[in-house]
Amino acid sequence: MITEWPQLKEVGWPAVRNAMRNPLIFDGRNLLDPKTMRGLGFTYVSVGRP
33 MITEWPQLKE
43 VGWPAVRNAM
53 RNPLIFDGRN
63 LLDPKTMRGL
73 GFTYVSVGRP
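Per the numbering used here, the sequence shown starts with residue 33, numbered consecutively.
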C-alpha cells in the first residue's frame, strides 16, 4: 500500500485474501495492524516495524 486512505481499513480482507494466489500485503504506510493481517492469512510486510 502506498496510500493512507481510510477506505482501505474497511476492505473485506478475507475476500481479498481468497482472491489472491499468494496473499502478500506490502504496507508502505503502516496503515494496517500486522497481527490482524497475519491472522487473516496474509504474509504481511511493513516498513520500519517487525
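The beta carbon of each residue, even a glycine, is placed where N, CA and C say it ideally should be.
Inside the segment 39–76 only - beta strand (DSSP E) runs reaching at least 3 residues: 56–59
Rounded distance between the beta-carbons of GLY60 and MET33, thought under 8 angstroms: 6 angstroms
Separation of GLY80 from ALA167, as counted between CA atoms: The chain is shown only over 33 to 82; residue 167 falls outside these bounds and no answer can be derived.
Residues near SER78 in its chain [Cβ-Cβ closer than 7 angstroms; skip 5 each side]: ASP59, ASN62, PRO66.
Nonlocal neighbours in the same chain, by C-beta distance under 8 angstroms from PHE74, ignoring five residues either side: TRP45, ARG49, PRO55, LEU56, ILE57
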